Structure formats: structure tokens, C-alpha cells
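In the numbering used here, the protein residues as written are 42 to 411. So the structure is just underneath, and the comments pick up after that.
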Ligand SMILES: Cc1ncc(COP(=O)(O)O)c(C=O)c1O
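In C-alpha cells form, the structure reads like this:
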């Protein structure tokens, strides 16, 4: 007899992560794999974080600090916010789920997202009764904030804006965001998911979500240690918001949601500006290379401000993804990202970029002539 699982859960698609390196090695019998599928840091973790985790490993028989005091204090000092405004999560993924849980819960509640955008927003909506309103990106693959403002109703509770957006890498500008925020009711919670903040923050027109939190608006700025800091495997994310929203998250979260190693890794990573600067400098060069590589095979790159870039190949990207995989290069096909003719590729080291460029040159002309 089958269990009576909630129908909304059965309608959810399990998250499809980038293919793991070991799995591809096993399946294809290859020794060298280049993974450019999950927007990780090609230089690895901050060395300071590695040292901190090694030192803390001896204490992992003790429960972590459920209040994550050291990590929140370090973030409070760095970003100039009171500790009551700081949330920590088991990756920012967890904070996305929790925001859905604390804000949505009746069939009439509405949540608005761009389309395509980060798939975990949809998951947050599917886990609770609510209506998910998906507003297509504009023709430049950017959030259409005018259309999103028009989609707002009296029932809108929550809006997610990934800035830069995943999978497109595009940004909304400060002037556009200011206009949008002035047009919608102030009690709606707007989440600025800034997972790729460090890669875009040099742009003058790029808005910093923390500035809006400081104004006391119902804004959540989400940041992660998984990208520029290189800590994707240990799972730790940060959020900045009003004490009221943070208090609700605090009630709903698991008591020890961020483990003891993740907490010390986060504190150390926040002090390692050098690692972030090195990562960001490599990223700019990598984005230029990716755009040139895409153009060289006739694909149209989307201008990206994140640590990955997408390009439109004008035909299904699945076969290109598969052909690259055969050569040991793991990318992300847009077929699973609601952009079926696009390929998304993360920035790697110089050597990884060279391998990708060579593989793409090899694969795309072959497919074209096939
Ligand atoms: C836009 C966006 N938000 C959030 C996340 C999740 O990050 P974390 O590893 O902190 O859960 C990702 C990861 O790819 C992302 O692209």
C-alpha cells in the first residue's frame, strides 16, 4: 500500500545537479575531467577556511553553536548590520526554502519569479500551498521588472530576483530596481538573491541588496559562500534582512542548521579578501574567453556578470552537452534550465578554459556537418 504523499510534492522535479566528476570518470572511463557545470570556484576553497576547518575538526563531537554567533558577528562587522539582521543557512538554498515556509501557505498566496531563473525558488513554492507566477525574462534575458510589477496583486507575498540571474548571468540595474520597489506595496518581501554578488559588485549600476536592508525595507539579500569563497561542499549561506523576518526564520529553521565546520569556514572566508580578489580577477578574463569561444563556433553569448556564461546555439544544446561530456568536459545543457538551445558554462582556470575551447571547437563543427 503506498504512502499518502502530498500531491504537490509529487509534482516537484528533483533538483538535477551538474554531473559529479567521479560519476563521469566511472561512466566514460576518462582520467581527466573538467567540471564547468556548477559555478564553483576553480581555485578551490579559501586557504584560511581550510586551516580553520582542520583546526575545528577535533571538536566535531560537540553540537555546533545553534545561534552561529561568531559567524553572524563576523558578517555583522563586515557588512555593517546589526546581528539581528543576519541569517545563516545550510547554503542559501535552505534560506530560500525557509522564506517560502514563513511567507506562503494558502492557495491564494502568490509568489513571483522570473523565468528562467534559479530552480529552487519553484521548489520553495511547490512545498507549500500557493500560486507560483512565472514572468518571462525580456528579450535580452534580463528580469522584466515592469512585467513583474504588473503581475503583483493583493495576494502577492514573496518575489525572488536573482541578481545576477542564474542561468543567464544578467543583472537588474539599480535605477530599475528602485523604480520597481517604488511601484509595489512595501509589505511584499522581495528577495535579492546575490549568490554571484562578488562578480558583479564592481559595476556602478549594480545594486547592493544590503543598502536596501539598511533602509528598513522588507528586503532579503541572500549571499553564499559557495561561489567566490569556494565553500560549496560545506554548505553555508548568509542572508540579510529585517529583524522581524529574521525572527520568523529563526523560529522555523532547524536548531543546528549550519554545522560546526561550516561556521568556522565561513568566518575564515569572510576575512580572506585576497582569495576573493584572485577569483574575481580570473573570472573577468574567463568571461571574455567564454564569450569569444562561443562566438567562434557561431553561438550567441549572453552578456554575463556572474562566474558562468550562457550562449544560444540556435538548436538543441543537448547533443553539444553530450559531445563535450565524451571529451571529459562537464557543462550544463539549457534543456534542464528552460533554455533548450543554450549551454551554460562556468568559468574555470586558464588551463580549464583552454581545454573547454579546444573541446568546443572539436565538437561544434562536427555536429554542424552531421
Ligand atoms: C542564484 C542562486 N542562488 C542560490 C544558490 C544556492 O547556493 P548555495 O550553495 O548557497 O545553496 C545558487 C547556486 O547555484 C544560485 O545560482
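For each residue, glycine too, the CB sits at the ideal point set by N, CA and C. This one's a predicted model, so the numbers in the text were calculated from it and none came from an experiment.
Buried or exposed for residue i, going by 16 or more other Cβ atoms inside 10 Å?
i, result
"residue 182", "buried"
"residue 149", "exposed"
"residue 68", "exposed"
"residue 105", "buried"
"residue 184", "buried"
"residue 74", "buried"
"residue 208", "buried"
"residue 163", "buried"
"residue 198", "buried"
"residue 158", "buried"
"residue 42", "exposed"
"residue 244", "exposed"
"residue 265", "buried"
"residue 128", "buried"
"residue 121", "exposed"
"residue 194", "exposed"
"residue 147", "exposed"
"residue 294", "buried"
"residue 267", "buried"
Sorry if obvious, but does the Cβ on residue i come closer than 7 angstroms to a heavy atom of ligand 1?
i, result
"residue 267", "yes"
"residue 159", "yes"
"residue 156", "no"
"residue 278", "yes"
"residue 234", "yes"
"residue 163", "no"
"residue 350", "no"
"residue 250", "no"
"residue 324", "no"
"residue 210", "no"
"residue 116", "no"
"residue 242", "no"
"residue 185", "no"
"residue 141", "no"
Going along the chain, which residues of its own chain have a beta-carbon closer than 7 angstroms to the beta-carbon of residue i, five neighbours each way excluded?
i, result
"residue 192", "153, 174, 176"
"residue 328", "345, 350, 388"
"residue 298", "130, 131, 135"
"residue 87", "270, 271, 309, 310, 313, 316"
"residue 227", "258, 259"
"residue 358", "374, 375, 376, 381, 382, 383, 384"
"residue 78", "59, 60, 371, 372, 373, 387"
"residue 107", "296, 297"
"residue 165", "137, 138, 140, 141"
"residue 303", "275, 276, 277"
Does DSSP put residue i in a helix, a strand or coil?
i, result
"residue 88", "helix"
"residue 256", "coil"
"residue 251", "helix"
"residue 402", "helix"
"residue 151", "strand"
"residue 341", "strand"
"residue 320", "helix"
"residue 110", "helix"
"residue 47", "coil"
"residue 178", "coil"
"residue 203", "strand"
"residue 211", "coil"
"residue 297", "coil"
"residue 227", "coil"
"residue 54", "coil"
"residue 62", "helix"
"residue 379", "coil"
"residue 277", "coil"
Using only alpha-carbon positions, find the residue among the options that is nearest to residue i.
i, options, result
"residue 80", "347, 131, 161, 62", "347"
"residue 202", "189, 195, 374", "189"
"residue 369", "70, 43, 58", "70"
"residue 58", "274, 44, 155", "274"
"residue 90", "271, 179, 220", "271"
"residue 261", "84, 404, 282, 226", "282"
"residue 291", "66, 126, 76", "126"
"residue 233", "214, 341, 224", "214"
"residue 119", "251, 286, 367", "251"
"residue 221", "303, 235, 342, 200", "200"
"residue 305", "97, 63, 82", "97"
"residue 115", "145, 279, 187", "279"
"residue 113", "277, 144, 178", "277"
"residue 335", "401, 103, 378", "401"
"residue 355", "366, 365, 338", "338"
Please list, in chain order, all residues of the same chain as residue i whose beta carbon is under 8 angstroms from its beta carbon, the five residues on each side excluded.
i, result
"residue 161", "56, 134, 137, 138"
"residue 168", "49, 50, 53, 138, 141, 142"
"residue 254", "122, 126, 260, 261, 262, 281, 282, 283"
Once the 5 residues before and after residue i are set aside, which same chain residues still bring their CB inside 6 angstroms of it?
i, result
"residue 259", "230"
"residue 241", "205, 212, 247, 346"
"residue 390", "83"
Does any residue of chain C have a CB that is nearer than 8 angstroms to the CB of residue i?
i, result
"residue 257", "Included in the structure is just one protein chain, with no chain C present."
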